[in-house]
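So the sequence lines, in the order shown, correspond to chains A and B.
When you line the first sequence up against our numbering, it's residues 459 to 752, in that order.
When you line the second sequence up against our numbering, it's residues 240 to 610, in that order.
Structure, as structure tokens:
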Amino acid sequence: MDLKDEVQRVRFWIKQIGNFWLRLVWHSVHLLVRFWYLGVGVANVIESYLISSGLLKRYRSIDVGKLRYLAIVIESDDACRISKVIQLLQWLQAIGVKHLCLYDTEGVLKKSKESILAKLKNATLFEEADERDSLLDQKHMTLEFASISDGKEAVAKGGNVLFMKYLKMANSGAEQKEQIFTEANMTEALRAAGFGGPEPDLLLVYGPARCHLGFPAWRIRYTEIVHMGPLKSVRYGSLVKAIYKFTTVQQKYGKFLFRVWQSGKNMWTSDPLKKTKTRVDDFLLMIWQLWNVY
Amino acid sequence: MDKHRGSRLSELFGSLGSFFRKCMFCILSMGPIPKHFAFIMDGNRRYAKKEKLEEGAGHRAGFSVLMSMLKYCYELGVTYVTIYAFSIENFKRKPDEVQNLMDLILEKIEGLLKEESLVNKYGIRVYFIGNLKLLSKPVRVAAEKVMKATTNNTKCVLLICIAYTSCDEIVQAVHESCKNKLEEIQPCNSHRSFSGRVEEVDGKSIDDDIGHSVQELFGVQTNELRATRASTFCNDVAEGVERTDKKSGVVGHGVHGSCDKWGEVQSLEASGTRDGVIPNVKSEKLLVDLSILKVVDIESHMYMSVAPNPDIVIRSSGETRLSNFLLWQTSNCLLYSPNALWPDMRLWHLVWAVLDFQRNYSYFEKKKKQF
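Put into structure tokens, the structure is as follows:
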């Protein structure tokens with residue numbers, strides 16, 4: 459009997475000690491991860507300092523035209539730092555971003571719409587700006603404010619618009635009533651319900667983690683989602699880098715095709731050695747060259 | 240002899256590897272483990288190009304990586320795994336590529352049914368998520384067969400998104416919930432057809448005695464039917480009011496408003512049994528104001544409603560887009576995009592994702608509680 463008790467006690471202690479060690483290892487692994495992110499953070503700070511001081515040449519000119527619509531998602535707890543938000547918007551204006559959407563889950567930014575607009579020159583609400591305005595004034599910036607209610611609830615409202623149509627068709631006994639449920643009709647219905655904003659090309663997340671936090675699902679099908687870190691450490695350099703990266707990914711693709719076309723013309727004539735190589739090799743070579751150019 | 244030694248060596252490495260993995264998972268499970276992983280398997284074609292493989296070999300390499308990822312997930316204690324196997328957009332690719340992919344998918348689906356497959360080993364229940372009507376018949380039949388065969392598995396769940404896009408899912412969910420709502424207010428529907436007929440009769444023979452009598456006859460019926468509809472409406476009004484009550488605190492106003500409208504409709508019903516058109520128009524307005532469809536309705540008709548929202552979405556090959564995958568479900572979900580192409584994904588990518596999840600766990604928990 460005593461022996462059994464003893465064995466059980468020993469087992470219990472072994473388990474306790476094992477757990478303790480595992481926990482210790484877990485914590486130290488997370489400590490390492492934290493160090494890693496700290497290092498990454500320091501590297502980012504240095505890089506963004508270099509960018510904003512203009513030392514890195516390639517970041518000096520950005521083709522903002524590629525970025526037709528930008529979305530910024532801000533963690534609601536941070537969104538109350540209005541001065542930071544305004545700072546961010548002024549930078550974006552300086553870079554030359556024309557149309558953007560500001561999103562936070564709880565709608566903190568929506569509530570302080572007026573004060574944000576008052577602090578910015580040449581900014582109007584997206585809903586108020588008509589096309590004539592944006593064409594006339596190149597410096598103009600249109601702002602859209604969104605919150606979680608523009609996401610799923612908006613889809614429900616759009617759904618109701620469709621439901622009304624459906625009901626009408628059901629009453630008139632139309633056979634094709636099931637066919638009204640298409641993506642095009644849904645977009646139309648959302649517009650009718652007042653949620654017809656465009657799809658952003660790029661979405662910048664200011665918050666602790668990379669997550670879109672409930673940004674209207676209907677509008678982020680092919681949006682690039684980039685994490686920028688918390689709002690309190692918002693930096694001009696990192697903003698420029700993110701936008702630059704987006705525009706060059708688009709650009710690279712265009713230039714790449716051009717090079718393929720060009721080299722395709724003299725690929726088989728100029729260099730006899732190349733003949734033996736496969737096409738894939740040439741593609742990779744070109745990517746490598748492009749990489750070096752940038 | 241050499242061959243023999245080689246196999247023994249690889250066996251040794253294999254068991255060493257699995258031991259190492261077990262230790263790592265033991266350490267990881269000291270923290271919170273995500274319940275639901277989602278994968279976008281991007282970069283198979285690029286991998287084939289990079290490794291100079293023939294077309295289609297990239298996808299096969301991708302499949303074997305998928306199998307090991309699934310194994311790791313279930314060993315780690317993840318209950319739900321979702322994979323993006325085939326998007327509706329992918330149908331737009333070259334026909335022979337689509338055909339090859341479909342053949343591969345069919346082959347692998349049939350492989351799931353075999354005795355020694357992963358599905359049986361881990362007790363996985365398989366769901367095929369998406370607009371299955373778009374698939375070719377053999378694939379659809381095979382998919383349904385697998386779903387049926389694994390109904391009794393309860394340990395883990397594998398959701399395979401095939402012919403899926405998130406926007407299509409939303410539209411289909413709206414469609415289904417509209418259908419449901421229509422069935423709910425079916426009495427109103429039949430009444431409408433009655434009144435429609437009455438109108439017709441009315442229009443043709445306004446002075447005809449027979450016409451009038453018909454109208455009266457139907458009028459009585461429509462009244463009854465309207466009463467049944469009234470009760471459905473009342474329920475909806477009550478629900479609507481309750482919601483506004485919780486959200487904005489304008490209870491009195493809400494109740495008052497809906498009462499007003501209800502009164503209006505009733506008085507109209509009372510006065511206008513003969514011209515049944517006007518109440519119809521009015522009640523349509525009421526329908527719009529009440530918003531019959533709710534987020535809950537739509538959500539319950541989503542394909543993905545069989546599983547909780549994902550905790551991590553992993554997209555390989557460094558792409559930062561979601562490409563129309565689980566847009567609705569990822570409101571509070573970590574998005575992780577390692578640079579590796581899908582066939583290059585290894586255990587440590589998964590481990591890193593879990594570590595990242597654990598770092599942000601408390602933040603996401605807080606977010607989930609808020610909304």
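Ideal placement from N, C-alpha and C gives every residue a C-beta, glycine not left out.
Residues are counted here when their Cβ sits less than 7 angstroms from a Cβ of chain A; for the stretch 259 to 277 of chain B these are Cys265, Ile266, Met269, Gly270, given in chain order. B:Thr404 has its alpha-carbon roughly 15 angstroms from the corresponding atom of B:Asp281. Below the 9 angstroms Cβ cutoff, chain A contributes Glu641 as neighbours of B:Asp407, in chain order. The shortest CA-to-CA distance from B:Asn339 to any of B:Val378, B:Lys289, B:Leu351, B:Ile363 is the one to B:Val378. In the three-state reduction of the DSSP assignment, A:Val692 falls in the coil class. Closer than 9 angstroms at the C-beta level to chain B, one finds these residues of the stretch 608 to 626 of chain A: Gly609, Lys610, Glu611, Val613, Ala614, Lys615, Gly616, Gly617, Asn618, Val619, Leu620, Phe621, Met622, Tyr624, Leu625, Lys626. Excluding residues up to 5 positions away in sequence, Pro658, Leu661 lie with their Cβ nearer than 6 angstroms to the Cβ of A:Thr681 in the same chain. Membership of A:His557 in any alpha helix (DSSP H) is not indicated; the residue belongs instead to the beta strand (DSSP E) covering 557 to 561. Contacts between B:Thr559 and chain A, judged by CB atoms closer than 8 angstroms, involve Glu682, Ile683, Val684 in chain order.
With a threshold of 9 angstroms between beta carbons, B:Asp583 makes no contact with chain A. Rounded to the nearest whole angstrom, the CA to CA distance from B:Asp550 to B:Leu565 is 12 angstroms. Among the residues facing chain B, A:Pro666 is included, as its CB has a counterpart in that chain under 9 angstroms away.
Assignment of A:Thr645 by DSSP, reduced to helix, strand and coil, places it in the helix class.
With contacts defined as CB atoms closer than 9 angstroms, B:Tyr319 and B:Leu398 qualify as a contacting pair.
Residues of the stretch 564 to 575 of chain B with a C-beta atom less than 8 angstroms from some C-beta of chain A are Leu566, Trp567, Thr569, Ser570, Asn571, Cys572, Leu573, Leu574, Tyr575, listed in chain order.
By the 16-neighbour rule on beta-carbons within 10 angstroms, A:His485 is exposed. For the set B:Leu267, B:Tyr366, B:Val410, B:Ser249, the Cα lying nearest the Cα of B:Glu314 is the one of B:Leu267. At a cut-off of 9 angstroms between beta carbons, B:Leu357 makes no contact with chain A.
The beta-carbon of A:Leu480 is placed less than 9 angstroms from the nearest beta-carbon of chain B. Taking 9 angstroms as the cut-off, the beta carbon of A:Met599 is found no closer than this to the beta carbon of A:Leu567.
Contact of B:Leu586 with chain A is not assigned, every C-beta pair being separated by 9 angstroms or more. The beta carbon of B:Met386 sits closer than 7 angstroms to the beta carbons of Val365, Tyr366, Phe367 from its chain, once the five residues preceding and following it are set aside; these are given in chain order. Restricting attention to A:Gln634, A:Ala667, A:Thr706, A:Ala614, the CA atom closest to the CA of A:Ala675 is found in A:Ala614. When secondary structure is reduced to three states using DSSP, B:Glu604 falls in the helix class. At a cut-off of 9 angstroms, the C-beta of B:Asp595 has a neighbouring C-beta in chain A. Annotation: the stretch 373 to 428 of chain B contains the following complete segments of the beta strand (DSSP E) (minimum length 3 residues), in chain order: 395 to 403. In the pairwise beta carbon analysis, the stretch 318 to 334 of chain B is classified as touching the stretch 270 to 278 of chain B: at least three pairs are separated by under 8 angstroms. The Cβ atoms of A:Leu689 and A:Ile532 lie closer than 9 angstroms to each other.
Among the residues of the stretch 525 to 544 of chain A, none has a Cβ less than 7 angstroms away from any Cβ of chain B. Counting every other CB atom within 10 Å of its CB across the protein chains shown gives A:Ala612 a total of 16 or more, marking it as buried.
Only exposed fits A:Pro656, as fewer than 16 other CB atoms lie within 10 angstroms of its CB. Shown here, B:Glu294 sits in coil according to DSSP, grouped into three states, outside any helix or strand. DSSP places B:Arg554 inside the beta strand (DSSP E), whose first and last residues are 551 to 554.
Residue range 586 to 598 is occupied by the alpha helix (DSSP H) that includes B:Ala592. At a beta-carbon threshold of 7 angstroms, none of the residues of chain B lie near A:Thr582; the nearest stands roughly 28 angstroms away.
Contact of A:Ala628 with chain B is assigned, a C-beta pair being separated by under 9 angstroms.
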